[in-house]
Amino acid sequence: MLVLIFGYIPVLSGLLMTFQEFNIMGGHFGSAWVDFAQFEHAFFDFSYHLVLWNSFIIGAMKLVITFPLSILLAILIDQFRNVLFKRTVQTLIYLPHFLS
43 MLVLIFGYIP
53 VLSGLLMTFQ
63 EFNIMGGHFG
73 SAWVDFAQFE
83 HAFFDFSYHL
93 VLWNSFIIGA
103 MKLVITFPLS
113 ILLAILIDQF
123 RNVLFKRTVQ
133 TLIYLPHFLS
């Protein structure tokens, strides 16, 4: 039930909003239906292609930089002799992921 409420309903709501000139005061039923006008505006605008290309470049650079660094960090942590220190470093590295 929670997956339905917090997973599927927001996705379907967002999908519905892409085909409307959404007005927050009117909600889904008070907003005008515009079919594919939003997509036509986005795909034929020059800035869309520029933003898409920049996003691709940023993602590729992030992958190229972070993947080898994470492998190197894992190898370095594995080389620690003191098990308590190794576990503490692993916990401190993973902690921001779980807190966010």
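Under this note's numbering, the first residue of the sequence shown carries the number 43, and numbering increases by one thereafter. We treat Cβ as the ideally placed atom computed from N, Cα and C, and that holds for glycine.
- Task: Report the three-state DSSP secondary structure of S112 (helix, strand or coil).
- Result: Taking the first residue of the sequence shown as position 1, residue 112 is located at position 70. Helix, per DSSP.
- Work out the CA separation of R129 and E63 for me, nearest whole Å. Here residue 63 refers to the residue found at position 21 when the sequence shown is read from its first residue. Here residue 129 refers to the residue found at position 87 when the sequence shown is read from its first residue. Cα-Cα distance, rounded: 52 Å.
- Message: Rounding to the nearest angstrom, what Cα-Cα distance links F122 and A116 in this structure?
- Response: The sequence position of residue 122 within the sequence shown is 80, counting from 1. The sequence position of residue 116 within the sequence shown is 74, counting from 1. Each residue's Cα considered, the two are about 10 Å apart.
- Query: Relative to the alpha-carbon of F71, which residue among A79, Q80, L58, L114 has its alpha-carbon at the smallest distance?
  - Reply: Your numbering for residue 71 matches position 29 in the sequence shown. F71 has its Cα closest to that of L58, out of A79, Q80, L58, L114.
- Relative to the alpha-carbon of F61, which residue among F81, M67, L94, I100 has its alpha-carbon at the smallest distance? As a working mapping, residue 61 is identified with position 19 in the sequence shown. Minimum Cα distance to F61 is reached at F81.
- Message: For T60, would you say it is in contact with chain B, using Cβ-to-Cβ distances shorter than 8 Å as the test?
- Response: Here there is only one protein chain, and chain B is not present.
- Message: Considering only their Cβ atoms, is the gap separating I119 from V131 smaller than 8 Å?
- Response: On the sequence shown, position 89 is the one that residue 131 refers to. On the sequence shown, position 77 is the one that residue 119 refers to. Yes, they are a contact pair.
- State yes or no: is the C-beta of S73 within less than 8 Å of the C-beta of N65? Taking the first residue of the sequence shown as 1, we reach residue 73 at position 31. Taking the first residue of the sequence shown as 1, we reach residue 65 at position 23. Yes. Within cutoff.
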